[in-house]
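Here is the structure we will look at.
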Amino acid sequence: MEKKLEQHLNKAFAPYGEFPARDDVMQELLANLKEKYHDLKSQGKSDDEAYQSTIDSIGDVAEIMEQVPHGEPSKQSASAQRNLRSSVLTKADLSESDLSGADFTNSALTEASFRGSTLNEAKFKATALKGSTFVGADLTNASFSGSDLHNVCFDDANLTGTKLTGSALQGATFANAVLVGTDFSQSDLTKLSFDGQTLLGVVFGSVSLKQTSFRNATLRDVSFHHAAVKYAIFDGATMDKVTYAILKGAKATLDNVTVL
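Have a look at this one:
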(Lines of atoms letter the chains of each structure in order from A and count residues from 1; the text may use other names and numbers.)
(Lines give C-alpha, C1' and ligand atoms only; values in the text may rest on other atoms or scores of the structure.)
Protein backbone atom coordinates (compact mmCIF):
# COMPACT_ATOMS: atom_id res chain seq x y z
CA MET A 1 0.00 0.00 0.00
CA GLU A 2 2.90 2.36 0.66
CA LYS A 3 4.04 1.80 -2.93
CA LYS A 4 0.54 2.70 -4.06
CA LEU A 5 0.71 5.95 -2.11
CA GLU A 6 4.03 6.79 -3.76
CA GLN A 7 2.57 6.08 -7.20
CA HIS A 8 -0.38 8.36 -6.43
CA LEU A 9 1.98 11.21 -5.50
CA ASN A 10 4.06 10.73 -8.65
CA LYS A 11 0.92 10.89 -10.78
CA ALA A 12 -0.39 13.97 -8.93
CA PHE A 13 2.87 15.90 -9.41
CA ALA A 14 3.60 14.68 -12.95
CA PRO A 15 2.08 17.77 -14.63
CA TYR A 16 4.63 19.99 -12.85
CA GLY A 17 7.70 18.20 -14.18
CA GLU A 18 11.01 18.64 -12.41
CA PHE A 19 11.53 21.57 -10.04
CA PRO A 20 14.33 22.33 -7.51
CA ALA A 21 12.52 21.17 -4.38
CA ARG A 22 10.64 18.23 -5.95
CA ASP A 23 12.46 15.43 -4.11
CA ASP A 24 12.14 17.16 -0.73
CA VAL A 25 8.45 17.92 -1.23
CA MET A 26 7.70 14.36 -2.34
CA GLN A 27 9.60 12.78 0.54
CA GLU A 28 7.92 15.03 3.11
CA LEU A 29 4.43 14.38 1.73
CA LEU A 30 5.02 10.64 1.40
CA ALA A 31 6.21 10.40 5.00
CA ASN A 32 3.09 12.26 6.16
CA LEU A 33 0.81 10.06 4.05
CA LYS A 34 2.36 6.86 5.36
CA GLU A 35 1.90 8.04 8.93
CA LYS A 36 -1.72 8.97 8.29
CA TYR A 37 -2.43 5.65 6.56
CA HIS A 38 -1.07 3.62 9.46
CA ASP A 39 -2.99 5.76 11.95
CA LEU A 40 -6.23 5.05 10.07
CA LYS A 41 -5.44 1.34 9.95
CA SER A 42 -4.86 1.31 13.70
CA GLN A 43 -8.33 2.82 14.08
CA GLY A 44 -9.85 -0.22 12.37
CA LYS A 45 -10.19 1.10 8.82
CA SER A 46 -9.89 -1.38 5.95
CA ASP A 47 -7.01 -1.08 3.50
CA ASP A 48 -9.20 0.60 0.89
CA GLU A 49 -10.87 2.95 3.38
CA ALA A 50 -7.56 3.99 4.89
CA TYR A 51 -6.02 4.52 1.45
CA GLN A 52 -8.89 6.65 0.15
CA SER A 53 -9.00 8.81 3.28
CA THR A 54 -5.23 9.26 3.12
CA ILE A 55 -5.08 10.46 -0.48
CA ASP A 56 -8.13 12.68 0.09
CA SER A 57 -6.17 14.43 2.84
CA ILE A 58 -3.64 15.77 0.33
CA GLY A 59 -6.12 18.28 -0.99
CA ASP A 60 -5.45 20.30 -4.12
CA VAL A 61 -1.90 19.77 -5.37
CA ALA A 62 -2.09 23.10 -7.18
CA GLU A 63 -2.40 24.85 -3.81
CA ILE A 64 0.69 23.04 -2.57
CA MET A 65 2.63 24.07 -5.66
CA GLU A 66 1.75 27.72 -5.11
CA GLN A 67 3.94 27.53 -2.00
CA VAL A 68 6.89 25.88 -3.73
CA PRO A 69 9.34 27.48 -6.19
CA HIS A 70 9.20 25.08 -9.17
CA GLY A 71 10.85 27.19 -11.82
CA GLU A 72 13.70 29.64 -11.99
CA PRO A 73 13.46 32.12 -9.08
CA SER A 74 13.27 35.12 -11.40
CA LYS A 75 10.18 33.68 -13.10
CA GLN A 76 8.18 32.82 -10.00
CA SER A 77 5.00 34.71 -9.32
CA ALA A 78 5.08 37.28 -6.52
CA SER A 79 2.66 35.22 -4.42
CA ALA A 80 4.74 32.06 -4.78
CA GLN A 81 7.88 33.93 -3.79
CA ARG A 82 6.43 35.62 -0.73
CA ASN A 83 3.97 33.12 0.74
CA LEU A 84 6.31 30.29 1.67
CA ARG A 85 5.14 29.32 5.13
CA SER A 86 5.81 25.67 6.05
CA SER A 87 7.59 25.04 2.75
CA VAL A 88 10.18 22.33 2.22
CA LEU A 89 13.04 23.96 0.31
CA THR A 90 16.06 21.97 1.44
CA LYS A 91 19.11 22.81 -0.69
CA ALA A 92 16.98 25.12 -2.84
CA ASP A 93 18.81 27.73 -4.92
CA LEU A 94 17.09 31.08 -4.35
CA SER A 95 20.13 33.16 -5.24
CA GLU A 96 19.71 36.64 -6.71
CA SER A 97 15.95 36.59 -5.98
CA ASP A 98 13.75 39.46 -4.88
CA LEU A 99 12.07 38.00 -1.81
CA SER A 100 11.27 41.21 0.02
CA GLY A 101 8.61 40.60 2.66
CA ALA A 102 8.61 36.83 2.10
CA ASP A 103 7.31 34.71 4.96
CA PHE A 104 9.30 31.49 5.59
CA THR A 105 7.70 30.68 8.96
CA ASN A 106 8.08 27.00 9.95
CA SER A 107 9.86 26.18 6.69
CA ALA A 108 12.66 23.69 6.08
CA LEU A 109 15.47 25.57 4.33
CA THR A 110 18.49 23.52 5.33
CA GLU A 111 21.50 24.24 3.09
CA ALA A 112 19.47 26.65 0.94
CA SER A 113 21.21 29.46 -0.96
CA PHE A 114 20.02 33.07 -0.74
CA ARG A 115 23.30 34.40 -2.13
CA GLY A 116 22.85 37.98 -3.30
CA SER A 117 19.09 37.97 -2.73
CA THR A 118 16.95 40.87 -1.52
CA LEU A 119 15.13 39.85 1.66
CA ASN A 120 14.04 43.17 3.16
CA GLU A 121 11.55 42.56 5.99
CA ALA A 122 11.47 38.82 5.28
CA LYS A 123 10.25 36.60 8.12
CA PHE A 124 12.07 33.48 9.29
CA LYS A 125 10.22 32.25 12.37
CA ALA A 126 11.00 28.75 13.69
CA THR A 127 12.77 28.12 10.38
CA ALA A 128 15.32 25.35 9.80
CA LEU A 129 18.25 27.07 8.08
CA LYS A 130 21.24 24.99 9.14
CA GLY A 131 24.09 25.33 6.66
CA SER A 132 22.32 27.91 4.48
CA THR A 133 24.08 30.89 2.92
CA PHE A 134 23.09 34.54 2.78
CA VAL A 135 26.37 35.80 1.31
CA GLY A 136 25.87 39.32 0.00
CA ALA A 137 22.14 39.24 0.73
CA ASP A 138 20.18 42.34 1.76
CA LEU A 139 18.42 41.40 5.01
CA THR A 140 17.47 44.91 6.08
CA ASN A 141 14.78 44.68 8.80
CA ALA A 142 14.42 40.94 8.27
CA SER A 143 13.41 38.85 11.27
CA PHE A 144 14.82 35.50 12.40
CA SER A 145 13.03 34.29 15.51
CA GLY A 146 13.54 30.94 17.19
CA SER A 147 15.33 29.58 14.11
CA ASP A 148 18.09 27.03 13.61
CA LEU A 149 20.97 29.11 12.23
CA HIS A 150 23.79 26.64 12.86
CA ASN A 151 26.64 27.15 10.37
CA VAL A 152 24.73 29.79 8.41
CA CYS A 153 26.93 32.15 6.38
CA PHE A 154 26.03 35.84 6.63
CA ASP A 155 29.32 37.04 5.11
CA ASP A 156 29.00 40.38 3.27
CA ALA A 157 25.27 40.51 4.10
CA ASN A 158 23.47 43.71 5.01
CA LEU A 159 22.06 43.08 8.50
CA THR A 160 20.81 46.61 9.18
CA GLY A 161 17.92 46.36 11.62
CA THR A 162 17.88 42.57 11.30
CA LYS A 163 16.52 40.63 14.29
CA LEU A 164 18.36 37.38 14.98
CA THR A 165 16.57 36.69 18.25
CA GLY A 166 16.12 33.50 20.26
CA SER A 167 18.08 31.52 17.69
CA ALA A 168 20.90 28.98 17.65
CA LEU A 169 23.85 30.57 15.83
CA GLN A 170 26.75 28.25 16.61
CA GLY A 171 29.13 28.12 13.67
CA ALA A 172 27.54 31.08 11.89
CA THR A 173 29.87 33.58 10.18
CA PHE A 174 29.54 37.35 9.72
CA ALA A 175 32.73 38.36 7.86
CA ASN A 176 32.35 41.88 6.42
CA ALA A 177 28.64 41.94 7.24
CA VAL A 178 26.92 45.28 7.85
CA LEU A 179 25.99 45.22 11.54
CA VAL A 180 23.91 48.32 12.22
CA GLY A 181 21.06 48.08 14.71
CA THR A 182 21.23 44.28 14.48
CA ASP A 183 19.49 42.52 17.37
CA PHE A 184 20.91 39.23 18.69
CA SER A 185 18.82 39.15 21.90
CA GLN A 186 18.39 35.78 23.65
CA SER A 187 20.45 33.92 21.06
CA ASP A 188 23.38 31.55 21.56
CA LEU A 189 26.51 33.18 20.15
CA THR A 190 29.00 30.77 21.69
CA LYS A 191 32.40 30.90 19.95
CA LEU A 192 31.22 33.25 17.20
CA SER A 193 33.68 35.73 15.72
CA PHE A 194 33.07 39.43 15.16
CA ASP A 195 36.79 40.05 14.78
CA GLY A 196 37.60 43.26 12.92
CA GLN A 197 33.92 44.09 12.50
CA THR A 198 32.28 47.48 13.01
CA LEU A 199 29.17 47.19 15.21
CA LEU A 200 26.87 50.21 15.43
CA GLY A 201 23.88 50.13 17.77
CA VAL A 202 23.96 46.34 17.91
CA VAL A 203 21.96 44.66 20.70
CA PHE A 204 23.30 41.66 22.64
CA GLY A 205 20.56 41.32 25.24
CA SER A 206 20.60 38.17 27.39
CA VAL A 207 22.85 36.32 24.95
CA SER A 208 25.39 33.57 25.47
CA LEU A 209 28.87 34.99 24.76
CA LYS A 210 31.12 32.16 25.88
CA GLN A 211 34.38 32.53 23.92
CA THR A 212 32.69 34.96 21.53
CA SER A 213 35.39 37.12 19.98
CA PHE A 214 35.39 40.86 19.30
CA ARG A 215 39.13 41.11 18.65
CA ASN A 216 40.07 44.37 16.90
CA ALA A 217 36.38 45.21 16.44
CA THR A 218 34.91 48.71 16.67
CA LEU A 219 31.89 48.99 18.97
CA ARG A 220 29.70 52.08 19.12
CA ASP A 221 26.49 52.31 21.12
CA VAL A 222 26.45 48.53 21.57
CA SER A 223 24.15 47.06 24.23
CA PHE A 224 25.10 44.06 26.39
CA HIS A 225 22.15 44.08 28.81
CA HIS A 226 22.11 40.88 30.91
CA ALA A 227 24.87 39.32 28.78
CA ALA A 228 27.72 37.38 30.36
CA VAL A 229 30.43 39.59 28.83
CA LYS A 230 33.14 38.31 31.16
CA TYR A 231 33.39 35.22 28.94
CA ALA A 232 33.80 37.23 25.71
CA ILE A 233 37.09 38.36 24.14
CA PHE A 234 37.63 42.09 23.49
CA ASP A 235 41.39 42.12 22.90
CA GLY A 236 42.38 45.02 20.64
CA ALA A 237 38.82 46.36 20.34
CA THR A 238 37.95 50.03 19.99
CA MET A 239 34.79 51.34 21.67
CA ASP A 240 32.97 54.47 22.78
CA LYS A 241 32.94 55.51 26.44
CA VAL A 242 29.39 54.32 27.13
CA THR A 243 30.01 50.85 25.74
CA TYR A 244 33.28 50.68 27.68
CA ALA A 245 31.53 51.66 30.91
CA ILE A 246 28.82 49.03 30.41
CA LEU A 247 31.35 46.30 29.74
CA LYS A 248 33.59 47.30 32.62
CA GLY A 249 30.63 47.33 34.99
CA ALA A 250 29.78 43.81 33.85
CA LYS A 251 33.35 42.66 34.58
CA ALA A 252 34.49 42.14 31.00
CA THR A 253 38.23 41.84 30.42
CA LEU A 254 39.25 45.13 28.84
CA ASP A 255 43.02 45.24 29.36
CA ASN A 256 43.91 45.93 25.72
CA VAL A 257 41.13 48.14 24.34
CA THR A 258 41.01 51.67 22.97
CA VAL A 259 38.32 54.07 24.25
CA LEU A 260 37.13 56.72 21.83
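Take any residue in the sequence shown, count from 1 to its spot, add 33: that is its number in the working numbering. C-beta atoms are modelled at their ideal positions from N, C-alpha and C, and glycine is treated no differently. From a predicted model like this one, the values you see are computed outputs, not experimental measurements.
| Item | Value |
| --- | --- |
| C-beta contact flag for Gly214 and Thr231 at 8 Å | no |
| Own chain partners of Leu117 with C-beta closer than 7 Å, once the 5 adjacent residues on each side are dropped | Gln100, Ala135, Asp136, Phe137 and Ser140 |
| Best match in Val185, Ser90, Leu202 and Asp216 for proximity to Lys67 [C-alpha to C-alpha] | Ser90 |
| Selected residue, minimal CA-CA separation from Cys186, among Thr223, Asp221 and Ser146 | Ser146 |
| Beta-ladder partner(s) of Arg253, from DSSP | Leu233 |
| Cβ-Cβ distance between Gly282 and His259 below 8 Å | no |
| Cross-strand partners of Met272 (DSSP beta bridge) | Leu252 and Val292 |
| Where Thr166 falls: helix, strand or coil (DSSP) | strand |
| Thr198 - containing beta strand (DSSP E), residue span | Lys196 to Thr198 |
| Three-state class that DSSP yields for Asp56 in the structure shown | helix |
| Cutoff 7 Å; reference Ala285; Cβ partners in own chain excluding five residues on either side | Val262, Lys263, Ala265 and Phe267 |
| Beta-carbon proximity list for Lys69, same chain, < 7 Å, skipping 5 on both sides | Thr87 and Ser90 |
| Nearest-angstrom beta carbon gap, Ser165 and Leu142 [assumed within contact, 8 Å] | 6 Å |
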